[in-house]
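K.L.:
Structure incoming, see below.
In mature numbering (1 follows the signal peptide of the UniProt record, and there is no 0), the protein residues as written are -15 to -1, 1 to 455.
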């Protein structure tokens, strides 16, 4: 009995020990598994424990494109520190501290150039292995050109650079100006770490359209969420005091407006139960998300035809506040010229605003309006209004939609004029013109309800009577 109890205790303790790290019950030290790589001896190597910081490449900025030299021809075991000492410190006398792209301070040899050695970095693959070529960024293109003339085609280990043999096998260095294309035909790129070392770290979102100076723009996904009555993913893009939820009729008109490039409403589109015009608000949010001017055609007739100064005259309103650059005089003049030309070509007259409706020029620079950060519903509308007949107003809206490129397009770049048609990118087919053309596959006659023999089989009435036998 005691033996069984002892055996059970031993098995239980062994099971507990098996769950512990190896260092808890063995002499081998515990080493956690990791995918991080770090070079301590390489002054230009990995210091952030992220291999992606080495092989990630970006297009060369225009500010340093004329200052970059492309070097190749060396072996895979030659790192940045040895290559820098080989090219810029051949005499190797004094010691000095210098900085590297990784931010480390390394003890190196003072080179023969009057300034510090230019940043140098070897291109590496995903596994951090050398790709046998690298980049050097000089202070100006004159230093780069002189370096190319001196070192291009130079054979090391066969001239006065005897120390090169201790770093790598004999090789012929190839140096040329950076530019052109890679072997795969794509644009040549630089390591991200080298660019950040020369120009400093930049926010990646600054390269996206409108993000740098227009951070307040709403996304297209949030526009759809607001139109369905849902809260936006980004806080502050919507407001409870500004109606955005669309009903079925307004949603259908919004989808048509996306295809044609301008909004068409009855009157001002005001809904008393919503205390505003949700369709106009959503359309303005949509134009703000794509960075295009707002074009609205207000029809004088209809259930909401109030607000018109002249009976039977339709209005075309162009709001360019969605460009978010009101203080730019060139933008204001260009918008005025483009809209005035479209109005003159279609016999539309400028609608004069009352003094109470006018917005002074000082409001463009008013610090209350943060044009680069506030959502569009907080910013005032900058409208240009024209009046005329319906045919003229519709023609003007089409001209502005073509000029501002606001029409929805498919993958081939063609405008999506009608839904449900395979030519216009909606993935469907054209609907049947009539019931006779309808069928299982969108074409052909309807399914017959009788046998062919009962329908006569295409024979005349006399031939059918002859076939009958009593």
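Each residue gets a CB set at the ideal place from its N, CA and C atoms; glycine is no exception.
The model shown is predicted, which means the values in this text are computed figures rather than measured ones.
What's the C-alpha gap between residue 140 and residue 219?
P.N.:
59 Å
K.L.:
For residue 331 and residue 284, what's the separation of their Cα atoms in angstroms?
P.N.:
16 Å
K.L.:
Can you have a look at residue 448 and say buried or exposed, based on whether 16 or more other CB atoms are within 10 angstroms of its CB?
P.N.:
exposed
K.L.:
Since I believe residue 222 is in contact with residue 206 (beta carbons under 8 Å), could you give me their beta-carbon distance rounded to a whole number of angstroms?
P.N.:
The C-beta separation of residue 206 from residue 222 comes to about 10 Å, leaving the pair out of contact by the 8 Å criterion.
K.L.:
At what residues does the alpha helix (DSSP H) containing residue 179 begin and finish?
P.N.:
Here the alpha helix (DSSP H) through residue 179 covers 177 to 184.
K.L.:
DSSP beta-bridge partners for residue 120?
P.N.:
55 and 106
K.L.:
Need the endpoints of the beta strand (DSSP E) that residue 309 sits in, please.
P.N.:
In the DSSP annotation of this structure, residue 309 is not part of any beta strand (DSSP E), being labelled neither H nor E.
K.L.:
Would you mind sorting residue 118 into buried or exposed? The rule is 16 or more other CB atoms within 10 Å of its CB.
P.N.:
Exposed, since its Cβ has fewer than 16 Cβ neighbours within 10 Å.
K.L.:
When you compare the CB positions of residue 459 and residue 115, do they come within less than 9 Å of one another, or not?
P.N.:
The displayed coordinates of the chain run from -15 to 455. Any statement about residue 459 would go beyond what the structure contains.
K.L.:
Suppose contacts are defined by Cβ-Cβ distances below 9 Å. Is residue 278 in contact with residue 304 by that definition?
P.N.:
With a cutoff of 9 Å on beta-carbon distance, residue 278 and residue 304 are scored as near each other.
K.L.:
Could you spell out where the alpha helix (DSSP H) holding residue 208 opens and where it closes?
P.N.:
205 to 212
K.L.:
Under 8 Å: do the stretch 232 to 244 and the stretch 370 to 388 share three or more Cβ pairs, one atom per stretch?
P.N.:
no
K.L.:
Give me the Cα-Cα distance between residue 307 and residue 203, rounded to the nearest whole angstrom.
P.N.:
Approximately 11 Å between the Cα atoms of the pair.
K.L.:
Using beta-carbon positions only, say whether residue 366 and residue 246 come within less than 9 Å of one another.
P.N.:
no
K.L.:
Tell me the rounded alpha-carbon separation between residue 35 and residue 176.
P.N.:
Per-residue confidence for residue 35 stands at a pLDDT of 37, beneath the threshold of 50, marking its modelled position as unreliable; the derived number appears in the next sentence. Distance between the alpha carbons of residue 35 and residue 176 is about 14 Å.
K.L.:
Which residues in the same chain as residue 42 place their Cβ atom closer than 8 Å to its Cβ, once the five residues preceding and following it in sequence are excluded?
P.N.:
Answer for residue 42: 108, 174, 175, 176 and 177, listed in chain order.
K.L.:
By Cβ distance below 6 Å, which residues in the same chain neighbour residue 327 in space, the five residues on each side in sequence not counted?
P.N.:
Excluding sequence neighbours, residue 327 sits near 381, 384 and 385.
K.L.:
What is the residue span of the beta strand (DSSP E) that residue 373 lies within?
P.N.:
368 to 373
K.L.:
Which residues share a DSSP beta bridge with residue 283?
P.N.:
250 and 300
K.L.:
Check residue 115 in the structure and name its three-state DSSP category.
P.N.:
Reduced to three states, the DSSP call for residue 115 is strand.
K.L.:
Starting from residue 161, trace the beta strand (DSSP E) both ways and give me its first and last residue.
P.N.:
159 to 162
K.L.:
Among residues of its own chain, excluding the 5 on either side of residue 261, which ones have a beta-carbon nearer than 6 Å to its beta-carbon?
P.N.:
228
K.L.:
My assumption, with CB atoms under 8 Å, is that residue 73 sits in contact with residue 102. Please give the rounded CB distance.
P.N.:
Confirmed, about 4 Å.
K.L.:
Between which two residues does the alpha helix (DSSP H) harbouring residue 263 extend?
P.N.:
263 to 275
K.L.:
Could you please give me the residues that DSSP links to residue 72 through a beta bridge?
P.N.:
Within the DSSP bridge table, the entry for residue 72 names no partner.
K.L.:
In chain order, what residues of the same chain lie with their CB nearer than 6 Å to the CB of residue 375, ignoring the 5 residues before and after it?
P.N.:
299
K.L.:
Ends of the beta strand (DSSP E) at residue 43?
P.N.:
42 to 44
K.L.:
Any idea if residue 377 is buried or exposed, counting beta-carbon neighbours within 10 angstroms, 16 or more meaning buried?
P.N.:
Residue environment: residue 377 is assigned as buried (16 or more neighbouring CB atoms within 10 Å of its CB, all protein chains considered).
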